[in-house]
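Chemist:
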């Protein structure tokens, strides 16, 4: 029989995050700090709205773009947080999580051979999605001396006549790095001069701890060049509801919706009704969870300092990215031994790109009790090295 599997898919490596998560499931007594999932339940008033939608029999398809009321609330949210207005009918549509929006944006925008600039370390989906869209991923290695922020010069150094898209993954998973307004202004200048487009993944926008999140779409000339991607998983603890959204120019949105029509039809209806409630009345919930994450963030940074684990201070998302270079082993070896010897699971930095070597990602989307127990195990492991 001929090989039934496409070479392009075979050549893509499985997610390094899921690999360790699967091992944890088989390790009795293990503590996992590896998955970026809030430990909070979805707030009750949001769950109630989802339940109510089922009780009312709202189990139908929505339009391909999502409920009009939800798209209007997304528009209202971006207006009040970034001062930017999107047409809810033509410039916003609802996706199955932010990950679908990333995939659709790349498939809708690139032709074979187009180059996509991907700063790393970053979320594991960008590079595979670019490959699956027949684009060429071009990696920009972020540097700890820049606090893992992207610089305009780093972008310029990688641009060729085939470059079309820059992915902007901030606040960043796995590093927790953020981009300030001045950082973004420098990037925007390059984008305009070189006639590029931006896919700005802002799923952690509400989890910013040192000032307000600034989106690149708020800068002059950038709304027209940017696909803004966000969702409900992180800010509202709605991971299993699988709901995100994309905002951008009508000509791009219409093509993304076309792919969405054939692949998905529409995002889950129950989730959409719950998301309307989240955007209307969820600000206090977000504030409470952000304060709790910030408390955990400071706790981990203090613990790292105490036990001698170098780590720059992250100001976004719910991850820390400490360096383990001084121990003279690879990130994969460090994490494998830590899990085997202390039953503590964290993720190798290399899961987020080759330049993540020498680092590990620790999520603080877990209770303080779990974090304290984990730090005891980490300290015990380090003391033996």
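Numbering (this note's numbering), first residue to last: 59 to 443. The beta-carbon is built from N, C-alpha and C at its ideal position, and this holds for glycine as well.
Buried or exposed for residue 276, going by 16 or more other Cβ atoms inside 10 Å?
Modeler: buried
Chemist: Classify residue 212 as helix, strand or coil using the three-state DSSP reduction.
Modeler: helix
Chemist: Can we say the stretch 400-419 touches the stretch 284-301, given the rule of at least three CB pairs closer than 8 Å?
Modeler: no
Chemist: As a quick exercise: from 242, 238 and 344, pick the residue whose alpha carbon is nearest that of residue 213.
Modeler: Comparing Cα-Cα distances from residue 213 to each of 242, 238 and 344, the minimum goes to 242.
Chemist: Give me the residue from 433, 412 and 147 with the minimum Cα distance to residue 361.
Modeler: 433
Chemist: Can you tell me whether residue 423 is buried or exposed? The criterion is at least 16 other CB atoms within 10 Å of its CB, across all chains shown.
Modeler: Buried: at least 16 other Cβ atoms inside 10 Å.
Chemist: How would you write the range of the alpha helix (DSSP H) that residue 245 sits in, first residue to last?
Modeler: 239-251
Chemist: Taking the straight line between their C-alpha atoms, what separation do you get for residue 430 and residue 87?
Modeler: 15 Å
Chemist: Look at the Cβ atom of residue 211, then the Cβ atom of residue 197, and state whether they are nearer than 8 Å.
Modeler: no
Chemist: For residue 171, count neighbouring C-beta atoms within 10 Å of its own C-beta (all shown protein chains included) and say buried if the count is 16 or more, exposed if not.
Modeler: exposed
Chemist: Buried or exposed: residue 364, going by 16 or more other Cβ atoms within 10 Å of its Cβ?
Modeler: Answer is exposed; the Cβ neighbour count stays below 16.
Chemist: Restricting to runs no shorter than 4 residues, where is the alpha helix (DSSP H) found entirely within the stretch 316-340?
Modeler: 327-339
Chemist: Measuring CB to CB, does residue 222 end up less than 8 Å from residue 174?
Modeler: yes
Chemist: Quick one: measure Cβ to Cβ for residue 352 and residue 267, integer angstroms, because I've assumed they're closer than 8 Å.
Modeler: Distance from residue 352 to residue 267 at the Cβ level is roughly 5 Å; contact confirmed, criterion being Cβ atoms closer than 8 Å.
Chemist: Run through the DSSP bridge pairs and tell me what residue 305 is partnered with.
Modeler: 150 and 286
Chemist: What three-state label does DSSP hand residue 88 in the structure shown?
Modeler: coil
Chemist: Can you tell me where the beta strand (DSSP E) holding residue 419 begins and where it ends?
Modeler: 418-421
Chemist: Taking the DSSP output, what are the residues bridged to residue 374?
Modeler: 266
Chemist: Between the C-alpha atoms of residue 89 and residue 330, what's the straight-line distance to the nearest angstrom?
Modeler: 33 Å
Chemist: Taking only runs of the alpha helix (DSSP H) that begin and end inside the stretch 113-175, which ones reach a length of at least 4 residues, in chain order?
Modeler: Runs of the alpha helix (DSSP H) lying entirely within the stretch 113-175, each at least 4 residues long, are 126-140 and 155-167 in chain order.
Chemist: Residues bridged to residue 256 by DSSP?
Modeler: In DSSP, residue 256 forms a bridge with 224 and 284.
Chemist: Tell whether a beta-carbon distance below 8 Å holds between residue 302 and residue 288.
Modeler: yes
Chemist: With 16 as the cutoff for other CB atoms within 10 Å, does residue 123 come out buried or exposed?
Modeler: buried
Chemist: Straight-line CA distance for residue 133 to residue 62?
Modeler: Using only the alpha carbons, I get a separation of about 44 Å.
Chemist: Drop a sphere of 10 angstroms on the beta-carbon of residue 343, count the other beta-carbons inside from all chains shown, and report buried for 16 or more, exposed for fewer.
Modeler: buried
Chemist: According to DSSP, simplified to helix, strand and coil, what is residue 194?
Modeler: strand
Chemist: In the DSSP output, what is residue 405 paired with across the bridge?
Modeler: 419
Chemist: Express the C-alpha separation of residue 193 and residue 168 in angstroms, rounding to a whole number.
Modeler: 6 Å
Chemist: Could you tell me whether the stretch 373-391 touches the stretch 150-160, using the rule of 3 or more Cβ pairs below 8 Å?
Modeler: no
Chemist: What is the rounded straight-line gap between the Cα of residue 184 and the Cα of residue 225?
Modeler: 8 Å
Chemist: Taking a contact to mean a Cβ-Cβ separation below 8 Å, would you say residue 120 touches residue 369 in this structure?
Modeler: In this structure, residue 120 sits away from residue 369, with a CB-CB distance that is not shorter than 8 Å.
Chemist: With a threshold of 16 other CB atoms inside 10 Å of the CB of residue 319, please say whether the residue is buried or exposed.
Modeler: exposed
Chemist: Have a look at residue 412 and residue 107 and give me their C-alpha separation to the nearest angstrom.
Modeler: 43 Å
Chemist: Please look up how many angstroms separate the CB atoms of residue 348 and residue 436, rounded, as I've assumed it's under 8 Å.
Modeler: By a beta-carbon distance limit of 8 Å, residue 348 does not contact residue 436. Their separation comes to about 25 Å.
Chemist: Tell me, please, which residues DSSP counts as bridged to residue 111.
Modeler: The partner list for residue 111 (beta bridge, DSSP) is empty, contrary to what the question assumes.
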